[in-house]
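Quick note: the sequence shown uses my numbering, first residue 1, plus one each step. Note that the Cβ used here is the ideal one computed from N, Cα and C, for glycine as well.
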Amino acid sequence: MGGMPLNDMPWWRWRSNVRSALHMISDPVFQREVWQSGRPGYGDVTDAVYRLVEDTWLDNWSADKYVGTIFRDPQEAALVDVAVLRVLKILHQVGADAPASAYLDHPGWPDAVQAAREAHVLMAGADGEDPDSPPRSLEVLAIYTRSA
1 MGGMPLNDMP WWRWRSNVRS ALHMISDPVF QREVWQSGRP GYGDVTDAVY
51 RLVEDTWLDN WSADKYVGTI FRDPQEAALV DVAVLRVLKI LHQVGADAPA
101 SAYLDHPGWP DAVQAAREAH VLMAGADGED PDSPPRSLEV LAIYTRSA
């Protein structure tokens, strides 16, 4: 994969996916009640990590690239970069198909949660949404991102 992704998907849809991932990674109660118990409908930790980077390729470059499109300002981009780096570092250490507990018990996980929380709160607030509402299911997210 090289070069910028083609803009065949509206930026707000990418933003919704990034926000969904950060929201789940920032919420320890959700992680215990949904990820650890294996409740369906929300994907697993690995799905959330991929949602963070799959369209944006934030595993290859800085969120700075998307200031003015996905991200509203350099502060959002900077906070997202910190969260992505912390989460990807854990992903690489535990492996892509690791169970939720491998992430949640990792010594670096609380720092990843904190970084995701800071990014999530800023982005949710900028979009006029309550950062403390529970994460949306993937089905709701899909409906939300389809309804252009």
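Using a Cβ-Cβ cut-off of 8 angstroms (strictly less than) and excluding sequence neighbours within five positions of THR46, which residues of its own chain qualify? Within the sequence shown, residue 46 is the residue found at index 46, counting from 1. Counting only Cβ-Cβ distances below 8 angstroms, and skipping sequence neighbours, we find LEU91, ALA96, ASP97, ALA98.
If you draw a straight line from the C-alpha of ARG117 to the C-alpha of LYS65, how long is it? Residue mapping note: residue 117 aligns to position 117 of the sequence shown, counting from 1. Residue mapping note: residue 65 aligns to position 65 of the sequence shown, counting from 1. Straight-line Cα distance between these residues: approximately 21 angstroms.
Just to confirm before moving on: does the CB-CB distance between VAL80 and ALA119 stay below 7 angstroms? Taking the first residue of the sequence shown as position 1, residue 80 is located at position 80. Taking the first residue of the sequence shown as position 1, residue 119 is located at position 119. A contact, by the Cβ cut-off of 7 angstroms.
Going by beta-carbon coordinates alone, are ASP55 and TRP14 separated by less than 7 angstroms? As a working note, residue 55 is residue 55 in the sequence shown. As a working note, residue 14 is residue 14 in the sequence shown. In this structure, TRP14 lies closer than 7 angstroms to ASP55 by Cβ.
Count the other CB atoms, across all protein chains shown, that sit within 10 Å of the CB of ALA115; report buried if there are 16 or more and exposed otherwise. The count along the sequence shown starts at 1 and reaches residue 115 at position 115. Classification for ALA115: buried.
For chain D, check one thing: does any of its Cβ atoms lie closer than 7 angstroms to the Cβ of ASP81? Among the chains of the structure shown, chain D does not appear; only one protein chain is present.
Which term fits PRO40, buried or exposed, when burial requires 16 or more other beta carbons within 10 angstroms of its beta carbon? By 1-based counting over the sequence shown, the position of residue 40 is 40. Its Cβ having fewer than 16 others within 10 Å, PRO40 is exposed.
Thinking PRO142 and PRO131 are a contact (beta carbons under 8 angstroms), I'd like their distance in whole angstroms, please. Walking along the sequence shown from the start, residue 142 turns up at place 142. Walking along the sequence shown from the start, residue 131 turns up at place 131. Inspection of the sequence shows that residue 142 is occupied by Ala rather than by Pro. Not confirmed; about 21 angstroms, so no contact.
Please identify the residue among ILE25, ARG146, SER20, GLU139 whose C-alpha is closest to the C-alpha of LEU150. Outside the displayed range of the chain (1 to 148) lies residue 150, so it cannot be described from this structure.
DSSP puts PHE71 in a beta bridge; with which residues? Here residue 71 refers to the residue found at position 71 when the sequence shown is read from its first residue. DSSP lists VAL67 as partners of PHE71.
Please list the terminal residues of the continuous alpha helix (DSSP H) segment that includes GLU118. Along the sequence shown, read from residue 1 onward, the residue named residue 118 stands at position 118. Unbroken alpha helix (DSSP H) run through GLU118: 109–126.
Buried versus exposed call for ASP27 [16 or more other C-beta atoms within 10 Å across all chains shown]: The sequence position of residue 27 within the sequence shown is 27, counting from 1. Result: buried.
Look at the Cβ atom of TYR42, then the Cβ atom of VAL53, and state whether they are nearer than 7 angstroms. As a first step, residue 42 must be located in the sequence shown, where it is residue number 42. As a first step, residue 53 must be located in the sequence shown, where it is residue number 53. Contact: no.
CB-CB under 6 angstroms to SER62, same chain, minus the five flanking residues each way: which ones, in chain order? Translated into positions along the sequence shown, residue 62 becomes position 62. The answer, listed in chain order, is ASP81.
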